[in-house]
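Sequential numbering of the sequence shown, starting at 0, is according to numbering that gives the first Met the number 0.
Where a beta carbon is used, it is the ideal one built from N, C-alpha and C, also for glycine.
Computed from a prediction, not measured in an experiment: that's the story for all the values here.
First the structure, in the form of C-alpha cells, and then the observations on it.
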Amino acid sequence: MDAYGKGGCALVAEADPWAREVLLGLLRGRCSRLIEADGLEEAMRSLGRQVPDLAVVAADLPGGAAVLAAALREPGRRVPLFLTGTAEDIRRVLETVSLPGVRVAQKPFDSAALGEAFDEALAGAALAGGLEEAWELARRLLDDMPQPAVILQGERVLAINRAWLRFLGLASMQEFKSRGFVLEQFLADPPPEEGLAAWACRLADDPLDRQHRLRLTHPDRPGQPPQVFQAAASRLPGAGRCLLTLADVTELELERRELLDLANLDPLTRALNRRKLSEVLDDEASRAARYGTPLSVVLLDIDHLKDINDTRGHDAGDAVLVELASRLRAGLRKVDRLARFGGEEFVVVAPGIDLARAAELAERLRLAVAGAPFAAAGRVTASFGLAQFVPPEAPEATLSRADQALYRAKAGGRNRVEPEASPPNAAG
C-alpha cells in the first residue's frame, strides 16, 4: 500500500500540461504510483523500467501514439489502455494500429465518467493479476508434488507437473504440446469412451469412493511393461476442470497378483487350482441357469503318467504336466477355464457350448496332446470325459458324470473322448 491507500501503477503519456494534470488528478486517488511522460521517447524508457497496470495515451502524443499503444499491447503486457484526444486524432491512431478493447476519452474530459472507467479498468487489472499469481502458485505447487499430477479441462491439458513429465520422458509442457501428445496415448488399456478428462471429472463425483487404476506406458517404449497407478481426482473451479493425481502402485499390484496366484493357481502348471475351480463352476452354473445357456465340462486324465514317473523320474512327470497344460491352453477359447483337478487330472469349464460342441473341443485337445512328442517323455496321450450341466443340479453332479465318462474312456482303450451316457432331464 502507498500514501493513497491504493495499489497499482499508471502511465500518463500526454504533452498538454492541462490535460495531463486532469488525468493525474483523477488517478492520484486510485494508484500508488504515477508515471508521467510528455513524449514517446520518455514513455518508452519508463515502459522498459516498469510495465504499468493502466496507461493513458494522448492520440496526438509527440513521436507517435500508435507506436506506444502497440508496445503496451505486446504479448506479456496487454496493459489496459485509454486513448485520449479529439475524435479525429483518435480515429487516425485506430486506423494505424489494431487495439482491441481500447477505451477512448474525448477532450474535454467528463471527469466523473472517466474516473468510473479508471476504477473499472484498475479492478479488472487487479483481478487479472490476482488470477495470474494464483495460477502461477498452482503451477508451482503442482510441480512440487512428488506424484504425477495434471490439470484437465475438457479435452485440454492445462498444466502437467514435473513428476508426470519425467515418467513420460519429457522435459517440459512445451515439449508435450510440440510433439502433439494427448494423455490417452500413454494408456496401456483402451481409453475411457468419454475421454480421460471427462472420466476424471466423473471420478471426482464417485459416491462410493472406489479405487480406480490406470496402467500407463510410453508410446516410444512399447516393450516396457506398463506401470500401475492409483488415480484420484478433485474438481476445480471452472466448467469441466479437475485435478488428476496418480500414485504409483506397481509394486503393490505385483504383490497383489502374486497373492492371487498363490490363492487361485496351481503352482506347477499355472492352471486354476481345485478351490478356484469350485468357485468358477458355481459362477458359470448360476449364469447358465439364469440365462438358459449351455455349459459343458471336460475332465481329462494323462494316460500312464505313473509309468513316466517310474521310468524317467518325477521331474520328467512334472515337465509333462507343465507342457500338457500349455498345449491345452493353446487350444481353448478365451472364455474357457482350465483347472488342475488333482494329480494328472485336469478340468476344462466350457461355457456357451453343448455336449456336441464340447466333444469337438475335447477332440481338438486330444490331438494337441497326442500329436507331437513331449520334450521330457516322448509320446503322451490323455483320455477325456464330457458332461453338460443341467439345472437345477449342483455343478459337482456334472463333474461326477464327466468322471464316469472318463472312466469309460479309460476302460475303452484310453486316448479317446467319451461323452456322458445319458444326461439327466432338465427340471420343469
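Thr310 lies in the alpha helix (DSSP H); which residues open and close that run? Residue mapping note: residue 310 aligns to position 311 of the sequence shown, counting from 1. Per DSSP, the continuous alpha helix (DSSP H) segment holding Thr310 begins and ends at Leu304 to Arg311.
With DSSP as the reference, identify every bridge partner of Ile159, one or two as the case may be. Position 160 of the sequence shown holds residue 159. Answer is Val149.
For Phe388, which three-state DSSP category applies? As a first step, residue 388 is located in the sequence shown; it is residue number 389 there, counting from the start. Note: Phe388 maps to coil in three-state DSSP.
Does the distance from the CB of Asp59 to the CB of Asp37 come in under 8 Å? As a position in the sequence shown, residue 59 is number 60, starting the count at 1. As a position in the sequence shown, residue 37 is number 38, starting the count at 1. Cβ atoms of Asp59 and Asp37: not closer than 8 Å.
Own chain, CB closer than 6 Å to Ala170, minus 5 neighbours either side, in chain order: Translated into positions along the sequence shown, residue 170 becomes position 171. Within the same chain, Ala170 has no close Cβ partners at all.
What does the Cβ neighbour count give for Pro107, buried or exposed, with the cut at 16 atoms within 10 Å? Translated into the one-based positions of the sequence shown, residue 107 becomes position 108. Pro107 should be labelled exposed.
Take the Cβ of Ser382 as the centre, count every other Cβ of all protein chains shown within 10 Å, and call the residue buried at 16 or more, exposed below. Along the sequence shown, one-based indexing puts residue 382 at 383. Ser382 is buried by the Cβ-count criterion.
So, is Gly7 buried or exposed, given that buried needs 16 or more other C-beta atoms within 10 angstroms? Position 8 of the sequence shown, counted from the first residue, corresponds to residue 7. Sixteen is the threshold: when 16 or more other Cβ atoms of the shown chains lie within 10 Å of the Cβ of Gly7, as they do, the residue is buried.
With a threshold of 7 Å, establish whether the CB of Gly316 neighbours any heavy atom of the ligand FAD. For the structure depicted, the ligand FAD is absent and the ligand set is empty, with no information on it obtainable.
With DSSP run on the structure shown, which of helix, strand or coil describes Glu344? As a working note, residue 344 is residue 345 in the sequence shown. It is a strand residue.
Hey, Ala401 and Val296 are a contact pair by Cβ (cut 8 Å); roughly how many whole angstroms apart? Position 402 of the sequence shown, counted from the start, is the residue given in the question as residue 401. Position 297 of the sequence shown, counted from the start, is the residue given in the question as residue 296. Right, the Cβ-Cβ distance comes to about 5 Å (below 8 Å), so this counts as a contact.
Does the beta-carbon distance from Arg273 to Ala338 come in below 8 Å? Position 274 of the sequence shown, counting from 1, holds the residue named residue 273. Position 339 of the sequence shown, counting from 1, holds the residue named residue 338. Cβ atoms of Arg273 and Ala338: closer than 8 Å.
Taking DSSP as the reference, what is the three-state secondary structure of Cys30? Position 31 of the sequence shown, counting from 1, holds the residue named residue 30. It is coil, neither helix nor strand.
With a CB to CB cut of under 7 Å and the five nearest residues on each side skipped, what residues in its chain are close to Ala86? Taking the first residue of the sequence shown as position 1, residue 86 is located at position 87. Taken in chain order, the residues that qualify are Gln105.
Leu121 versus Asp219 - alpha carbon distance: Here residue 121 is taken as the residue at index 122 of the sequence shown, counted from 1. Here residue 219 is taken as the residue at index 220 of the sequence shown, counted from 1. The straight-line gap from Cα to Cα measures roughly 49 Å.
Check whether the Cβ atoms of Leu186 and Phe117 lie closer than 8 Å to each other. What you label residue 186 is simply residue 187 of the sequence shown in a count that begins at 1. What you label residue 117 is simply residue 118 of the sequence shown in a count that begins at 1. Annotated as distal: Leu186 and Phe117, with beta-carbon spacing of 8 Å or more.
Who pairs with Gly84 in a beta bridge, going by DSSP? Translated into the one-based positions of the sequence shown, residue 84 becomes position 85. The partner list for Gly84 (beta bridge, DSSP) reads Gln105.
Could you spell out where the beta strand (DSSP E) holding Ser177 opens and where it closes? Against the sequence shown, residue 177 aligns to sequence position 178. If you look at Ser177, you'll find it isn't in any beta strand (DSSP E); it sits in the alpha helix (DSSP H) that goes Met172 to Ser177.
For Arg332, count neighbouring Cβ atoms within 10 angstroms of its own Cβ and tell me buried if that reaches 16, exposed if not. Along the sequence shown, read from residue 1 onward, the residue named residue 332 stands at position 333. It is exposed - the Cβ of Arg332 has fewer than 16 other Cβ atoms within 10 Å.
Residue ranges of each beta strand (DSSP E) run of no fewer than 3 residues wholly in the stretch 5-64, ordered along the chain? Restricted to the stretch 5-64, the beta strand (DSSP E) segments that are unbroken, complete and at least 3 residues in length are 8-12, 32-36 and 53-57, listed in chain order.
Provide the residue(s) that pair with Cys241 in DSSP beta bridges, ordered along the chain. Reading the sequence shown from its first residue, position 242 is the one you call residue 241. Here Cys241 is bridged, per DSSP, to Leu151 and Arg234.
Take Gly47 as the anchor and find which of Leu67, Gln152, His211 and Gly123 has the nearest alpha-carbon. Counting from one through the sequence shown, the residue named residue 47 turns up at place 48. Among Leu67, Gln152, His211 and Gly123, the Cα nearest to that of Gly47 is on Leu67.
Quick one: grab the DSSP three-state call for Tyr3. Taking the sequence shown and counting its residues from 1, one reaches residue 3 at position 4. Its pLDDT being 36, under 50, Tyr3 is placed unreliably by the model, and the measurement read from it follows with that caveat. Residue state, collapsed to three classes: coil.
Under the three-state reduction of DSSP, which class applies to Gln210: helix, strand or coil? Residue numbering aside, residue 210 sits at position 211 when the sequence shown is read from its first letter. Coil at Gln210, not helix or strand.
Between Arg102 and the rest of its own chain, which residues show a CB-CB distance below 8 Å, the 5 nearest in sequence each way excluded? Within the sequence shown, the letter at position 103 stands for residue 102. Same-chain partners within the cutoff: Pro79, Leu80, Phe81, Leu82, Ala116 and Ala120.
Let's test the definition: count the other Cβ atoms within 10 Å of the Cβ of Gln210 and tell me whether it reaches 16, buried, or not, exposed. As a working note, residue 210 is residue 211 in the sequence shown. So Gln210 counts as exposed.
Give a yes or no on contact between the stretch 280-293 and the stretch 259-270, applying the rule of three or more CB pairs nearer than 8 Å. These segments do not touch.
DSSP on Gln480, reduced to helix/strand/coil? The shown model of the chain, from 0 to 427, leaves out residue 480, and the question about it has no answer.
By the 10 Å Cβ neighbour count, where 16 or more other Cβ atoms means buried, how is Pro394 classified, buried or exposed? Taking the first residue of the sequence shown as position 1, residue 394 is located at position 395. Pro394 comes out buried.
Using only alpha-carbon positions, find the residue among Asp204, Phe166, Glu254 and Cys200 that is nearest to Leu225. Locating residue 225 in the sequence shown gives position 226, counting from the first residue. It is Pro, not Leu, that sits at residue 225 in the sequence shown. Put simply, of Asp204, Phe166, Glu254 and Cys200 the residue whose alpha carbon is nearest the alpha carbon of Pro225 is Phe166.
Bounding residues of the alpha helix (DSSP H) (the contiguous stretch that carries Pro394): Along the sequence shown, read from residue 1 onward, the residue named residue 394 stands at position 395. In this chain, the alpha helix (DSSP H) harbouring Pro394 covers Pro394 to Ala410.
Length of the line joining the Cα atoms of Arg161 and Asp143: The count along the sequence shown starts at 1 and reaches residue 161 at position 162. The count along the sequence shown starts at 1 and reaches residue 143 at position 144. Each residue's Cα considered, the two are about 8 Å apart.
Under a three-way DSSP split, which group does Val78 fall into? Reading the sequence shown from its first residue, position 79 is the one you call residue 78. Coil.
Under 8 Å: do the stretch 136-155 and the stretch 238-258 share three or more Cβ pairs, one atom per stretch? As far as the Cβ criterion goes, the stretch 136-155 touches the stretch 238-258, which means the pair count is three or higher.
Endpoints, beta strand (DSSP E) assigned at Val297: By one-based count along the sequence shown, residue 297 stands at place 298. Boundaries of the beta strand (DSSP E) harbouring Val297: Leu294 to Ile301, taken from the DSSP string.
Using three-state DSSP, classify Asp282 as helix, strand or coil. Against the sequence shown, residue 282 aligns to sequence position 283. In this structure, Asp282 counts as helix in the three-state DSSP scheme.
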